Amino acid sequence: TPQPNASGAAVLGPRASFTIHERTGQLVNVQIHRSSVHGGDGRSTGIGSPFFVYSEVVKVGESVRVRGVTPVPPIAVALFGGHLAPVGHARVGQATGLLASNGWHLRVPMMLRESMLRLRRGLDTVLEARISEAGRASAKSVRSAFDD
1 TPQPNASGAA VLGPRASFTI HERTGQLVNV QIHRSSVHGG DGRSTGIGSP FFVYSEVVKV
61 GESVRVRGVT PVPPIAVALF GGHLAPVGHA RVGQATGLLA SNGWHLRVPM MLRESMLRLR
121 RGLDTVLEAR ISEAGRASAK SVRSAFDD
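Structure representation (C-alpha cells):
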C-alpha cells in the first residue's frame with residue numbers, strides 16, 4: 001500500500017501523473033482522484049505547484065489515485081521540507097541550486113540563496129527550542145502527577 005506523504009511532479013497540468021514511494025520503497029505512478037478539489041473538473045487547470053501533500057491513497061480499477069491533495073509552494077518546501085544545503089558552485093547573477101533532503105532541487109537567484117539558508121537555520125533553531133521546551137514541560141507534568 002502506498003504511504004500518504006508528499007510528492008513532486010515534473011509535469012503540471014490536466015491529468016498529470018505523479019510518482020510516490022510505496023512503504024516498500026518502490027515507486028508508483030498516481031493521479032489525483034476525481035473527488036479531490038484538484039481532481040475531476042479541477043484537473044483542467046492542474047494544481048499550480050510542482051509539489052503537493054496528500055492524505056489518502058486509493059486504488060481505482062488498475063490505477064492508483066491520491067485524495068486530499070494540497071499544493072505546496074516551492075518556498076514552503078525550501079523552508080520546511082527537510083535538510084537544506086547549497087548545491088554546486090554559484091556565480092553572481094546566475095541561479096544556483098538548493099537541495100532539500102528528499103532530493104528535490106530548488107533553484108533561486110544567488111542573491112537570495114544565503115538569505116534563505118539563514119532564514120532556514122533560524123527557523124530550525126526556533127522549532128528545536130519549542131520542541132525541547134514542550135518535552136521538558138511534558139516530563140514535569142508526568143513527574144508531578146506521580147508526586148501527588
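Okay, so the sequence shown: first residue is 1 according to UniProt numbering, each after it adds one. Just so you know, even glycine gets a beta-carbon here, dropped at the ideal spot from N, CA and C. Quick caveat, the model's predicted, so the values are computed rather than measured.
By alpha-carbon distance to I75, the top candidate from P109, G61, E62 and S55 is P109. Note that the C-beta distance between R65 and H21 is not below 8 Å. Where A78 is concerned, the enclosing alpha helix (DSSP H) starts and stops at P74 to F80. In this structure T19 is exposed. Its beta-carbon is surrounded by fewer than 16 other beta-carbon atoms within 10 angstroms.
When secondary structure is reduced to three states using DSSP, V69 falls in the coil class, being assigned neither helix nor strand. Shown here, R107 sits in a strand according to DSSP, grouped into three states. Inclusion of L84 and L117 in the CB contact set at 8 Å is warranted, their separation being smaller than that value.
Beta-bridge analysis with DSSP links I32 to V66. In the structure shown, T125 falls within a helical segment according to DSSP collapsed to helix, strand and coil.
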